[in-house]
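Asker: This is the structure I want to talk about, given as structure tokens.
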Amino acid sequence: MKTKQILNTLFAFIGIISVAFTLPSSKNIAPKPIRKTIISFEVQGNCGECKERIEHALDKNGIYKAIYNIESSMVTITYDPTKLKEIQLHNMIAMVGHDTEKVKASNVVYQSLPDCCKYRKDDDEWGPVKH
Numbered sequence: 006m007k008t009k010q011i012l013n014t015l016f017a018f019i020g021i022i023s024v025a026f027t028l029p030s031s032k033n034i035a036p037k038p039i040r041k042t043i044i045s046f047e048v049q050g051n052c053g054e055c056k057e058r059i060e061h062a063l064d065k066n067g068i069y070k071a072i073y074n075i076e077s078s079m080v081t082i083t084y085d086p087t088k089l090k091e092i093q094l095h096n097m098i099a100m101v102g103h104d105t106e107k108v109k110a111s112n113v114v115y116q117s118l119p120d121c122c123k124y125r126k127d128d129d130e131w132g133p134v135k136h
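All letters in the sequence shown, in the order written, are residues 6 to 136 by this note's numbering.
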């Protein structure tokens, strides 16, 4: 009887210790701090369709919010700089046909835009981007 009691106590102790070691420690439970950077830059566009296209192009992992203002031709983006670099944001927009301060959309993509979205007056006006 005494041996049975000792064994039960021993198994209970081993069980408690096992559970304690399998639980995550408190330092692992705390979420990583979220890094957010807000940036604004000029993007060429004309209408609501442009706005939708630009904002949709920025609906990606690592981007928390993107708002394009048609009147000012400025996009404001809140993003995680540990996941994306600024030039990647410019490239995402250029890939859907809109020129930014740093990246010009390819002529093929630009020419595929609806007429209401075409903003270039003369392709010869666009010179190299000065940094």
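The beta carbon of each residue, even a glycine, is placed where N, CA and C say it ideally should be.
1) Can you tell me which of the three DSSP states GLU47 falls into?
2) I need the boundaries of the beta strand (DSSP E) containing MET79, first residue and last residue.
3) Express the C-alpha separation of LYS126 and LYS65 in angstroms, rounding to a whole number.
4) Assign ILE39 to one of two classes, buried (16 or more other C-beta atoms within 10 Å of its C-beta) or exposed (fewer than that).
5) How would you label HIS61, buried or exposed, when you count the other beta carbons within 10 angstroms and need 16 or more for buried?
6) Whose CA, out of ILE98, GLU106 and LYS107, lies closest to the CA of TYR115?
7) Does LYS7 get closer than 8 Å to chain D when you measure Cβ to Cβ?
8) Is the beta carbon of THR105 sitting closer than 8 Å to the one on GLU57?
9) Can you tell me which of the three DSSP states THR42 falls into?
Answerer: On the basis of the coordinates in this document:
1) strand
2) Unbroken beta strand (DSSP E) run through MET79: 79-84.
3) Those two C-alpha atoms are separated by around 31 Å.
4) exposed
5) exposed
6) Nearest C-alpha to TYR115: ILE98.
7) As a matter of chain content, chain D is missing from the structure shown, which is built from one protein chain.
8) no
9) Three-state result, THR42: strand.
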